[in-house]
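Beneath this line is the structure, given in structure tokens, with notes to follow.
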Amino acid sequence: MFRSTTSVLALLAAMTVPALAADYSDEWVEVDDGAPDFRTSYPTEPGDWAGLGDDDDPLSLEMGVRYWYSMGSTTLSNSAGDFGATDAAHSGELHLRITDHSTNTFAKALAGYSFAMGGSYSDPFGGGAVVDGRLGYVGADIGYNAFGDAKAGIGPLVGYLYWNNSPRTDRSNFTTAETSADIGFDPDTGQTFLPMDSEDNNLNIHALRLGVQGRAEMGMFDITGEVAAVPYARVDGTIGNDQTTTVIDNSVYAPGNIVSYKASPTQIDGWGYGAMAEGFVGFHPTESMTVRLGGRAWYLNGTADATYQQATIGNPTDSDAVNPPAFDTPPSYSETSYIETANPFSLFRYGLLAELTYRF
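Each number in the numbering used here comes from the position in the sequence shown (counting from 1) with 661 added on.
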């Protein structure tokens, strides 16, 4: 598929030599027309082309698909209490590996996304079922077989992984009002109406990977594996089911108007560390095809800051007590920013893998 530089140069040389000089034998051989038989300067037998084709190609490529059945656990604590979720996810995955046999180096990449997720959750305000969610990831590594070669070797790797771990739990409302003009009210009763919205959980991890990998091919079978430390991971996103205390005022509208309400989803920003590992046992039904079974585990823990906005809302008032309506002035509105530091979190995901790979 790929031709090495040496092979290309050899081919060019073979093509140009006849233009420079004719290489003739020590003894001329007469042919039918009486002319001498000059030897050609390029290969004439099929075997003479060895070394100029794909057999000496230093690059090989593996690509294929995987299925990952994984179980996940997510925990986060803040001033409101403990948030937790457990789930089982079914994910499809694409993977690619390019190996340079001349230098014993390789580069590999993967990308996966869940097509089903379910489980349960609990938080300070209740609990329920995880009926959907999002597990997505994409990453790349480069490595070097410092000991051995591409068929049986071991060596270091370094890489990056983006991981989105977002089981869908309860969604807490927050107001989208930004000024008093955004708040509706009834001029006769004084009842206020706040515009509302909500967001799903959305947790993003950007992880640095430093580890050791190895593989060994034994005829129709192979074994591959890796263990990587995560010395640093950036974590950010949204906790969609976090809410704060809602204050009600009954002095104007008897059933009660909202006085204090959350004005944004809870955003988290922090860092963590952990470890990742995976291993496979493979079978080669053909020279180019490989079927593998294995397992994978990812773990992170750390701390994050949690920030959100809290709105304070007044009641509508009457600037003219003599003339109707009873309420003609919109309620007041203001926001206060809150931050809670060093909230602990942890993520753990592990499960079984099945892989189908084609090699070029």
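Note that CB positions come from ideal geometry on N, CA and C, so glycine has one too. Source: prediction; values computed, not measured.
Within the same chain, Cβ atoms closer than 7 Å to the Cβ of residue 829 are found at 791, 792, 793, 794, 861 and 862, the five residues on either side in sequence being excluded. Of all C-beta pairs linking the region 873-889 to the region 1011-1020, fewer than three are shorter than 8 Å, placing the two stretches out of contact. For residue 819 against residue 803, the beta-carbon gap comes to about 6 Å, under 8 Å, which counts as contact. By the beta-carbon neighbour count (other beta carbons within 10 angstroms, threshold 16), residue 808 is exposed.
Assignment of beta-bridge partners to residue 877 by DSSP yields 813 and 884. Contact annotation: the region 748-760 touches the region 716-734, with at least three C-beta pairs closer than 8 Å.
Within the same chain, 765, 806, 808, 875 and 876 come within 7 Å of residue 814 by CB-CB distance, once the 5 residues on both sides are set aside. In the three-state scheme derived from DSSP, where H, G and I count as helix and E and B as strand, residue 965 is classed as strand.
Closest in alpha carbon position to residue 886, among 965, 970, 937 and 983, is 937. Closest in alpha carbon position to residue 987, among 849, 786 and 976, is 849. Per DSSP, residue 758 is one residue of the beta strand (DSSP E) stretching across 742-761. Excluding five sequence positions before and after residue 972, the CB atoms of its chain that fall closer than 6 Å to its own CB belong to 836, 922, 924 and 996, given in chain order. Leaving aside the five residues that flank residue 789 on each side, the residues in its chain whose CB is nearer than 8 Å to its CB run, in chain order, 781, 782, 830 and 831. Boundaries for residue 917: no beta strand (DSSP E) harbours it, and the DSSP string shows neither H nor E there. For residue 727, the beta-bridge partners assigned by DSSP are 754 and 1016. Contact annotation: residue 842 and residue 991 have beta-carbon atoms nearer than 8 Å. With a beta-carbon spacing of about 23 Å, residue 907 and residue 966 fall beyond the 8 Å limit used to define contacts. Under DSSP, residue 863 shares a beta bridge with 899.
Residue 732 places its beta carbon less than 8 Å from that of residue 749.
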